[in-house]
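Visitor: Protein chains in written order, with my numbering: chain C, 58 to 500; chain H, 49 to 222.
Just so it is clear, CB atoms sit at the ideal spot from N, CA and C, and this is done for glycine as well.
It should be emphasised that the depicted structure is a prediction, and the values quoted were computed from it without experimental measurement.
Sending over a structure as structure tokens; questions will come in a sec.
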């Protein structure tokens, strides 16, 4: 057999290997699901308690009206940039090594957007009045104020959530068709519906590819706009520390940074759990490491440029916020954040051998995400804790209700991913085949 | 092979994926089989011209039109409703043009993406004119060439023989 025939001969094995995670359910899986469900239930209980007894159960107080719920919202929206960046931007760049990691990232995107939206509801004092946000004729003689960046946010996130769900679904259609024929039980009928009668005719392939080609640049543009608008939620206000013209690109790059870090964690865990070493190889970690290096440097540059301008201007209100972070009450989290999102990634990801070490990359991914979460909290709390009139300066630490709800949200994200991994192939099967057949995935 | 099936409405030939199909398609055309009656089924999109049917529906144009409708929707919400329900805020225009631009951008993207997706779904649902069952060997890498022909059609036997001569691993009557 020549090389081309050899490649085609791999197809049955790829089908078997990549559908295997959907066909086997070990006992440890049920244990994990039960454990996560318990944590989610605890979070749900804390939220119910907060709804019943009022938003006073949080440690929000004047002048700190936004804190960990909004920080979590910003963080999860950031994580959601993983799928769009990896699948969208790398597709536009024709980076073919992306095939084994696109689905992992796209799943993360959809789940992260859902959790981010949930965080907004945690923050609503009277959550049962959420529909006041919707623009529809009513007798209250009030109307959503579209001049508010929060309304831009609602519009952008609705667009992004819809678009990323469709973007996840598009390349899943051929894989659902494959699963339809090989997986029985209740899932077969669901696969049958979701595969849209896919047979693999060239007309169908052409429709899928054309739609993918059109939607990819659009969703990349939406990705940039969404986190820009999240940044403008802050940047449009005159709060010292927020009112910055580079806050939008800073937010976008930070989002991609945490998103890539989360994908590395996902790659490591799924590779270990489902024995996908042959598909998610050290070269993929290496490539992700290079991308993380780029985002680390870009983020550091933007952060430095922003802080330098503040430092040089020496405006007292702005300096109060900066000093609170550099040498004040927020110094420990600030320096930890700097170490986790800038120093450690720079020190490790510049080493080629480190980038090819999956466990090490996973640890860096974890640190980046922890650091980015702290960074999101630091964007919110120090500026709000230091308003212009110093008699009103304050501090903040989340209450047990806030922490329990957010832990529940994190558990919900993991639970949804764990459940999705039993329904959706975590590696795009047809794209993996395509990468192998055309001989570029391994080059 | 169900050669004598009276309900037969097509012939399926299974080919090695490394085999070029264009010559087979040309021979079918020369034999008188219409292009619309031939369908290629594969586990991966087949590269190259000639293997797919001409596109009658220009998806790009539909996306652009949907995007324009999306802009109108955005202008309606962020501009028109702001004018209908004026919220007086000091120093701010009732209808703020940058805001209308931002909201319209998002609604343009939303409609562009959703409509493109819906049109694609329609094309996938009706993406084969020859009703044939799922072919497991295609999933394993073989390429199927399906020709829609009635058993009584004069080209039926000719096509069968042509597919066999072209090197099909298996020829089956559907």
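Taking the alpha carbon of residue 443 (chain C) as the reference point, which residue from C:317, C:392, C:145, C:122 has its own alpha carbon closest?
Guide: Of the listed residues, the one whose Cα sits closest to residue 443 (chain C) is C:122.
Visitor: Taking its Cβ as the centre, do 16 or more other Cβ atoms sit within 10 Å of residue 83 (chain C), making it buried, or is it exposed?
Guide: Flag for residue 83 (chain C) reads exposed.
Visitor: Residues in the stretch 479-491 of chain C with C-beta within 8 Å of chain H's C-beta atoms, listed in sequence order?
Guide: So the close ones are 487, 490, 491.
Visitor: According to DSSP, simplified to helix, strand and coil, what is residue 63 (chain H)?
Guide: In this structure, residue 63 (chain H) counts as strand in the three-state DSSP scheme.
Visitor: Take residue 211 (chain H) and list the residues in its own chain whose beta-carbon comes closer than 8 Å to its own, dropping the five residues that flank it on each side.
Guide: Closer than 8 Å at Cβ, skipping near neighbours: 59, 61, 72, 193, 195, 219.
Visitor: Output the residue ranges of the beta strand (DSSP E) runs that lie fully inside the stretch 146-209 of chain C and measure 3 residues or longer, sorted by chain position.
Guide: With a minimum length of 3 residues, no continuous beta strand (DSSP E) run stays inside the stretch 146-209 of chain C.
Visitor: Can you find a heavy atom of the ligand FMN that lies under 8 Å from the Cβ of residue 347 (chain C)?
Guide: Here there are no bound small molecules, and the ligand FMN is not part of this structure.
Visitor: Can at least three beta-carbon pairs, one atom from the stretch 128-137 of chain C and one from the stretch 417-435 of chain C, be found at a separation below 8 Å?
Guide: Yes, the stretch 128-137 of chain C is in contact with the stretch 417-435 of chain C.
Visitor: Quick check on this structure: which residue in C:139, C:118, C:95, C:239 has the alpha carbon closest to the alpha carbon of residue 349 (chain C)?
Guide: Per the Cα distances, C:139.
Visitor: Considering only the alpha carbon of each residue, which of C:77, C:321, C:114, C:485 lies closest to residue 402 (chain C)?
Guide: The option with the nearest alpha carbon to residue 402 (chain C) is C:321.
Visitor: What residues in the stretch 74-91 of chain H bring their beta carbon closer than 7 Å to a beta carbon of chain C?
Guide: Within the stretch 74-91 of chain H, the residues whose Cβ lies closer than 7 Å to some Cβ of chain C are 87, 88, 89, 90, 91, listed in chain order.
Visitor: Which residues mark the beginning and the end of the alpha helix (DSSP H) in which residue 348 (chain C) is found?
Guide: Taken as a continuous stretch (DSSP letters only), the alpha helix (DSSP H) holding residue 348 (chain C) covers 339-370.
Visitor: Go to residue 113 (chain H), then tell me how far its alpha helix (DSSP H) extends in each direction, as first and last residue.
Guide: It spans 107-123 - the alpha helix (DSSP H) in which residue 113 (chain H) sits, taken as one unbroken run.
Visitor: Using only CA atoms, which one of C:438, C:168, C:398, C:439 lies nearest to residue 420 (chain C)?
Guide: Measuring from the Cα of residue 420 (chain C), the nearest candidate turns out to be C:398.
Visitor: Less than 9 Å between CB atoms is the rule here; does residue 211 (chain H) satisfy it with respect to chain C?
Guide: Chain C contact via Cβ: absent.
Visitor: Could you work out which residue in C:115, C:71, C:166, C:64 is closest to residue 470 (chain C) when comparing CA atoms only?
Guide: Nearest C-alpha to residue 470 (chain C): C:166.
Visitor: With a cut-off of 9 Å, does the C-beta of residue 380 (chain C) fall near any C-beta of chain H?
Guide: By this cut-off, residue 380 (chain C) is not an interface position.
Visitor: Taking all protein chains shown into account, do 16 or more other C-beta atoms lie within 10 angstroms of the C-beta of residue 51 (chain H), making it buried, or fewer, making it exposed?
Guide: Because the pLDDT at residue 51 (chain H) is just 40, under 50, the model does not fix this residue reliably, and the value given afterwards should be weighed accordingly. It is exposed - the Cβ of residue 51 (chain H) has fewer than 16 other Cβ atoms within 10 Å.
Visitor: Excluding the 5 residues preceding and the 5 following residue 114 (chain H) in the sequence, name in chain order all residues of the same chain whose CB lies nearer than 8 Å to its CB.
Guide: So the qualifying residues of the chain are 159, 160, 162, 163, 164.
Visitor: How big is the Cα-Cα spacing for residue 65 (chain C) and residue 93 (chain H)?
Guide: Cα-Cα distance, rounded: 14 Å.
Visitor: Looking at the structure shown, is residue 183 (chain H) part of a helix, part of a strand, or coil, going by DSSP?
Guide: In this structure, residue 183 (chain H) counts as coil in the three-state DSSP scheme.
Visitor: Taking 8 Å as the threshold, find out whether the stretch 142-159 of chain H comes into contact with the stretch 482-489 of chain C through three or more Cβ pairs.
Guide: Touching, no.
Visitor: Can you have a look at residue 196 (chain C) and say buried or exposed, based on whether 16 or more other CB atoms are within 10 angstroms of its CB?
Guide: By the 10 Å Cβ count, residue 196 (chain C) comes out exposed.
Visitor: Using a Cβ-Cβ cutoff of less than 6 Å, which residues in the same chain neighbour residue 209 (chain C) once the five nearest sequence positions on both sides are dropped?
Guide: Correct list, in chain order: 286.
Visitor: When we look at the beta-carbon of residue 53 (chain H) and count the other beta-carbons within 10 Å, is it buried (16 or more) or exposed?
Guide: Bear in mind that a pLDDT of 48 at residue 53 (chain H), under 50, signals an unreliable position, so the number given afterwards is only what the model happens to contain. Classification of residue 53 (chain H): exposed, given that the 10 Å Cβ count is below 16.
Visitor: Rounded to whole angstroms, what's the CA-CA distance from residue 110 (chain H) to residue 138 (chain H)? Just pull it up for me.
Guide: C-alpha separation (whole angstroms): 42 Å.
Visitor: So residue 87 (chain H) is in the beta strand (DSSP E); what residue range does that whole segment cover?
Guide: Start and end: 86-89.
Visitor: How big is the Cα-Cα spacing for residue 141 (chain C) and residue 99 (chain C)?
Guide: Whole-angstrom Cα-Cα distance: 32 Å.
Visitor: Taking the alpha carbon of residue 174 (chain C) as the reference point, which residue from C:211, C:156, C:307, C:150 has its own alpha carbon closest?
Guide: The residue with the shortest Cα to Cα distance from residue 174 (chain C) is C:211.
Visitor: When you compare the CB of residue 74 (chain C) with every CB in chain H, is at least one pair closer than 9 Å?
Guide: For residue 74 (chain C), the answer is no, since every Cβ of chain H falls outside 9 Å of its Cβ.
Visitor: With distance defined between alpha-carbon atoms, name the residue in C:228, C:315, C:303 nearest to residue 367 (chain C).
Guide: The shortest Cα separation from residue 367 (chain C) among C:228, C:315, C:303 belongs to C:303.
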